[in-house]
Amino acid sequence: MSCVQKIIVIFCLSMGLVIGCNETESEPVVRPTEKRSALLIGLIPEHNIFKQIERYEPLAAYLSKRIGINIELKILTRYGNIIDNFISLGLDGAFFGSFTYALAHAKLGVEPVARPQSINGVSTYHGIIFVRQDSGIKGPEDMMQKRFAFVDKATTAGYVLPLAYFKQHGIKDYKMFLKETYFTGTHEDAIYDVINNKTDIGAAKNTVFSRLAVEGSKVNEQLTILERSPEVPENGLAVRQDLDASLKDKLKQTLLNMHHDPAGIDILKSFGAEKFIETSDADYASVYEYAREIGLNLENYDYMND
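Residue numbers (numbering that gives the first Met the number 0): 0 to 305.
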């Protein structure tokens with residue numbers, strides 16, 4: 000089976016599981032008490048499925064070999080699904096974005112393990128709001144009756160930042176203020192939709208924005224950044240609260256020591272990181288504060304896209 004065929008099969012299986020859960024709406028599947036032969040780790044759709052698999056599969060293979068348990072990746076169709084399906088799909092952990100972690104911690108009690116640090120020594124990111132340089136949009140007053148592309152209601156950069164921006168500038172109902180709003184599902188698509196004139200304004204992560212600029216797209220030539228959020232932790236691994244303590248420690252120590260291992264260094268390079276660093280719930284203080292500022296209660300927040 001070719002690599003592309005393998006990717007398609009994985010995607011179809013993941014879609015089938017998600018659709019099945021959504022249709023039944025039954026009680027969460029009870030986690031089996033017997034020892035698991037594999038760890039199921041979820042991935043949010045920061046990029047398209049092909050790029051996500053290309054980035055995370057080598058890391059999963061490395062961790063599987065080092066901890067002695069196979070790691071299976073479950074790519075979810077949207078950010079909020081990582082909350083809905085954490086129990087129903089039997090996930091043991093996930094690489095959460097900053098806001099999906101905050102939601103999962105509040106709703107499910109997941110515990111952070113580690114997150115990557117870039118080759119520039121940065122382990123955080125921020126959200127940005129951007130427009131085309133030729134749009135004539137300089138601030139919120141120019142956004143009236145314009146089109147806005149969000150990423151997902153369960154993202155810091157792709158939704159919470161715009162909410163805070165609108166509140167700061169006295170816009171109480173953005174749906175009435177703007178001509179059209181929609182959710183792209185990925186940060187890449189929000190950026191490309193603005194470049195391709197599908198929408199007037201977009202919101203996304205600065206790290207994805209920068210990565211596309213390096214890859215040779217017309218990001219820097221055509222787009223202007225209007226606003227940025229506070230720094231929040233980069234996508235990191237968090238696991239279920241009841242995961243075996245020794246297994247959690249193996250995962251943590253393997254990630255934290257990858258940069259001391261020649262094979263680990265190669266994996267880190269392909270992953271786009273210098274190393275992994277220890278991460279705790281306290282590192283997400285800026286996310287919790289951001290949520291409080293806009294009056295968002297994480298425990299009962301409705302993260303399903305409208």
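Just so you know, even glycine gets a beta-carbon here, dropped at the ideal spot from N, CA and C. The model shown is predicted, which means the values in this text are computed figures rather than measured ones.
Item: For Asp-91, the nearest candidate out of Thr-99, Ile-70 and Arg-77 (CA to CA); Value: Ile-70
Item: Residues that Thr-223 bridges to, as DSSP identifies them; Value: Val-130
Item: 8 angstroms contact criterion, which Leu-162 and Ile-293 should meet: CB distance rounded; Value: 5 angstroms
Item: Gln-252: first and last residue of the uninterrupted alpha helix (DSSP H) it sits in; Value: 244 to 255
Item: Local Cβ density within 10 Å of Arg-131, reported as buried at 16 or more and exposed below that; Value: buried
Item: As assigned by DSSP and simplified to three states, the class of Pro-229; Value: coil
Item: Minimum C-alpha distance to Ala-60 - residue among Ala-262, Lys-137, Lys-166 and Gly-89; Value: Ala-262
Item: Segment contact, 8 angstroms Cβ cut-off, at least three pairs: the stretch 276 to 284 with the stretch 108 to 117; Value: yes
Item: Secondary structure of Gly-235, DSSP reduced to three states; Value: strand
Item: Where Ser-228 falls, given that 16 or more other Cβ within 10 Å makes a residue buried; Value: buried
Item: Status (buried if at least 16 other CB within 10 Å, exposed otherwise) for Ile-264; Value: exposed
Item: Beta strand (DSSP E) runs contained entirely in the stretch 41 to 86, provided each spans 3 or more residues; Value: 69 to 74
Item: Element boundaries [beta strand (DSSP E), containing Val-112]; Value: 110 to 116
Item: For Lys-152, the nearest candidate out of Phe-165, Gly-184 and Asp-172 (CA to CA); Value: Gly-184
Item: Beta-carbon proximity check, Tyr-55 vs Leu-75, cutoff 8 angstroms; Value: no
Item: Beta-carbon proximity check, Ala-189 vs Gly-201, cutoff 8 angstroms; Value: yes
Item: Simplified DSSP assignment, three categories, for Ser-137; Value: Residue identity check: residue 137 is Lys in the sequence provided, not Ser. Lys-137 falls in the coil class under three-state DSSP.
Item: Per-residue burial, Ser-122 [other beta carbons within 10 Å of its own, 16 or more giving buried]; Value: buried
Item: Closest Cα partner of Gln-252 within the set Glu-45, Met-175 and Leu-62; Value: Leu-62
Item: Nearest candidate by alpha-carbon position, reference Lys-73, set Leu-236, Ile-40 and Phe-98; Value: Ile-40
Item: C-alpha gap between Leu-88 and Arg-291, whole angstroms; Value: 30 angstroms
Item: Backbone CA spacing between Ala-93 and Ser-209 [nearest angstrom]; Value: 24 angstroms
Item: Test item: CB-CB of Phe-149 and Leu-225 under 8 angstroms; Value: no
Item: DSSP state of Tyr-287 mapped onto helix, strand, coil; Value: helix
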